[in-house]
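Report on the structure given below.
Chains as they are written, first to last, in the working numbering: chain B, 14 to 292; chain Z, 69 to 380.
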């Protein structure tokens with residue numbers, strides 16, 4: 014018995030050591046981002062790069078923020094994320110409820126079709142969408158970034174459907190007997206129970222929207238409509254990269270999603286468990 | 069007799085009405101997706117297929133040229149196969165590596181006891197960083213002369229590597245960078261691992277199975293649905309990869325990171341060859357459909373669903 018316990022202990026220590034080692038490897042680029050963000054330009058290109066700078070330049074953050082209209086870029090990003098996230102959460106659960114709970118004609122084939130849309134490359138739709146948005150006068154507006162996620166993307170519909178299928182049907186039936194209609198069942202029974210998966214969708218959608226580079230790259234030319242990723246890319250011009258400013262702004266822009274993830278991670282892990290509500 | 073038949077019609081009618089109501093309700097609930105699909109996917113897809121048979125620079129009107137675009141890519145575009153090979157190499161190295169890494173880290177995190185929240189965040193952190201930022205961080209870390217990675221190589225007596233400027237290395241450097249984004253699949257695996265019932269392990273303990281056997285005979289089979297899901301999503305996104313190459317290498321050096329999507333992007337938005345770019349996009353679409361179909365078809369041999377019944 015004693016031997017077993019000490020074996021278990023060695024295992025725990027070993028797992029911990031391995032975790033720390035891997036974490037260090039994962040943290041290394043981020044540590045470099047932070048370190049570069051507070052360096053003086055002349056300390057960046059040295060033969061002996063140092064992780065902990067001797068000459069701290071905290072004003073880099075403010076300088077970088079002012080070097081381009083980042084307040085505007087942040088506002089644009091916040092508008093995109095703020096408008097599309099609630100719609101993404103609502104539409105994904107609504108569609109998923111339809112697929113999980115209503116026996117309509119062609120539902121299985123349609124669901125396969127929804128999943129199938131994940132396969133469509135952005136390349137296929139980008140050109141016609143450009144023309145379409147152009148005709149609608151939406152080029153250089155935030156709409157091309159807001160719309161695609163707002164109608165419910167296949168990935169989220171899939172996750173939400175998995176979750177709803179795990180919710181006992183008895184609940185729906187009891188509600189139906191009590192005189193609830195379909196919308197009431199969705200709105201006041203299923204949606205509240207879906208809180209964990211709604212959080213997952215919200216956080217994932219937030220992060221993806223926050224980081225999206227390609228969509229604004231294609232549909233936005235006007236700098237005043239840039240989002241953060243495009244703004245950050247401005248520090249990389251044809252001649253050189255202003256690393257210290259670039260890293261400073263990068264640090265600032267990762268703060269939002271990182272904080273969000275830190276505080277919601279338990280909900281996220283609970284939410285994706287594909288078995289849904291425990292019976 | 070007459071009465072019962074009238075009752076039947078009534079019953080039938082109410083049944084039919086119920087079906088109608090069911091269909092209407094279904095349609096209502098899936099309408100957000102349906103509207104999005106018709107507006108942002110179906111129309112554009114039809115249009116894109118149409119212009120793939122034309123020559124069009126967006127200014128004049130499209131000129132119908134039949135299959136010429138498709139013939140051109142297979143016969144006279146010197147970059148076409150180059151970009152295809154680059155993309156396939158990337159997909160077939162990156163996807164398996166990502167699956168293995170994500171599972172290993174998830175297993176590690178699932179067993180870790182101290183600071184679990186902290187470590188989870190660390191592994192997920194790189195996926196929270198914008199692709200552009202991550203790319204630029206690495207462009208600095210992998211700098212030939214001043215980057216810390218080469219500095220460390222030198223410290224331990226290894227030669228410097230021209231990570232992003234050597235055509236034989238650059239693609240692998242991008243794969244290496246992409247693996248930093250392992251956090252999203254890792255989170256999915258972690259939640260899959262957490263839902264594995266401990267009964268299986270207890271039973272295996274009684275049978276005297278070691279940790280390796282437990283991993284391959286219990287853990288892996290039980291998370292195969294998640295593995296399938298991750299293979300599919302990362303396969304699909306790896307095929308369309310562009311941001312890393314766009315920001316870091318611009319397709320160079322010597323076109324060694326010239327991805328298929330970059331070729332499509334350049335043709336469409338730099339050279340304005342909309343017809344040709346659409347044709348290329350459609351070939352990629354068909355390739356992705358075939359490959360995902362293959363993976364799905366294979367899945368019945370290796371994916372286990374717990375609620376299959378019978379099976380176990």
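Using N, Cα and C, we set each Cβ at its ideal position, and we do this for glycine too.
| Check | Outcome |
| --- | --- |
| When you compare the stretch 315–332 of chain Z with the stretch 107–122 of chain Z, are there three or more beta-carbon pairs, one atom per stretch, that lie closer than 8 Å? | no |
| Output the boundary residues of the alpha helix (DSSP H) element that contains residue 118(B). | Careful: residue 118(B) lies outside any alpha helix (DSSP H) and carries neither H nor E. |
| Kindly provide the ranges of any alpha helix (DSSP H) runs that are 4 or more residues long and lie completely inside the stretch 234–300 of chain Z, ordered along the chain. | 238–246, 251–262, 266–274 and 279–282 |
| How is residue 233(B) classed by DSSP in three states: helix, strand or coil? | coil |
| Taking buried to mean at least 16 other C-beta atoms within 10 Å of its own C-beta, is residue 30(B) buried or exposed? | exposed |
| Contact check, residue 308(Z) vs residue 66(B) under 8 Å by CB: the rounded distance? | Actually they do not touch by this definition, with Cβ atoms about 38 Å apart. |
| In the DSSP assignment, find the alpha helix (DSSP H) that holds residue 143(Z) and state where it starts and stops. | 136–143 |
| Going along the chain, which residues of the stretch 111–125 of chain Z sit with their C-beta nearer than 8 Å to a C-beta in chain B? | 111, 112, 113, 115, 116 and 119 |
| At what residues does the alpha helix (DSSP H) containing residue 63(B) begin and finish? | Neither: residue 63(B) is in no alpha helix (DSSP H) and is coded neither H nor E. |
| Classify residue 380(Z): buried if its beta carbon has 16 or more other beta carbons within 10 angstroms, exposed otherwise. | Unreliable placement is indicated for residue 380(Z), whose pLDDT of 33 sits below 50; the coordinate value is still reported in the next sentence. When all chains shown are included, residue 380(Z) counts as exposed. |
| Under three-state DSSP, which class holds residue 288(B)? | Its pLDDT being 42, under 50, residue 288(B) is placed unreliably in this model, and the coordinates cannot settle the point. |
| For the 8 Å Cβ check, are there 3 or more pairs between the stretch 113–127 of chain B and the stretch 86–102 of chain Z? | yes |
| Pair every Cβ in the stretch 170–182 of chain B with every Cβ in the stretch 260–272 of chain B, then say whether three or more of these pairs are closer than 8 Å. | no |
| Ends of the alpha helix (DSSP H) at residue 108(B)? | 83–114 |
| Considering only residues of the same chain and omitting the five flanking positions on each side of residue 271(B), which have a CB-CB separation below 8 Å? | none |
| Less than 8 Å between CB atoms is the rule here; does residue 376(Z) satisfy it with respect to chain B? | For residue 376(Z), the predicted structure reports a pLDDT of 44, less than 50, and the residue's modelled location is therefore unreliable. A value from the coordinates is still provided. No, no contact with chain B. |
| Cβ of residue 343(Z) within 8 Å of Cβ of residue 119(Z)? | yes |
| What three-state label does DSSP hand residue 122(Z) in the structure shown? | strand |
| Which stretch, first to last residue, makes up the alpha helix (DSSP H) that contains residue 166(Z)? | 146–179 |
| With H, G and I counted as helix, E and B as strand and the rest as coil, what does DSSP make of residue 307(Z)? | helix |
| Just confirm the distance between the C-beta atoms of residue 104(Z) and residue 165(B), as a whole number of angstroms; I'd bet it's less than 8 Å. | 6 Å |
| Should residue 81(Z) go down as buried or exposed, given a rule of 16 or more other Cβ atoms within 10 Å for buried? | exposed |
| May I have a chain-ordered list of the alpha helix (DSSP H) segments no shorter than 4 residues that lie completely inside the stretch 172–221 of chain B? | 182–190 |
| Enumerate in chain order the residues of its own chain whose CB-to-CB distance from residue 226(B) is below 6 Å, with the five nearest sequence positions on each side excluded. | 242 |
| Would you please verify whether the beta carbon of residue 90(Z) is less than 8 Å from any beta carbon of chain B? | yes |
| Taking its Cβ as the centre, do 16 or more other Cβ atoms sit within 10 Å of residue 20(B), making it buried, or is it exposed? | exposed |
| Please classify residue 83(Z): is it buried, with 16 or more other beta-carbons within 10 angstroms of its beta-carbon, or exposed? | exposed |
| Using a Cβ-Cβ cut-off of 8 Å, state whether residue 278(Z) counts as contacting chain B. | no |
| Could you give the residue range of the alpha helix (DSSP H) that holds residue 76(B)? | 72–80 |
| Note down, in chain order, all residues in the stretch 227–255 of chain B with a beta-carbon under 9 Å from any beta-carbon belonging to chain Z. | 227, 230, 231, 241, 242, 243, 245, 246, 248, 249 and 254 |
| Using a Cβ cut-off of 8 Å (strictly closer), state whether residue 36(B) contacts chain Z. | yes |
| Taking 8 Å as the CB-CB limit, is residue 153(B) close to chain Z? | no |
| Quick check on residue 197(B): buried or exposed, where buried means 16 or more other Cβ atoms within 10 Å of its Cβ? | exposed |
| Considering residue 334(Z), what are the terminal residues of the alpha helix (DSSP H) in which it resides? | Neither: residue 334(Z) is in no alpha helix (DSSP H) and is coded neither H nor E. |
| Run down chain B in chain order and give the residues with a C-beta less than 7 Å from the C-beta of residue 104(Z). | 164 and 165 |
| Check whether the stretch 95–110 of chain B touches the stretch 159–179 of chain B, counting contact only when three or more Cβ pairs, one atom from each stretch, lie closer than 8 Å. | yes |
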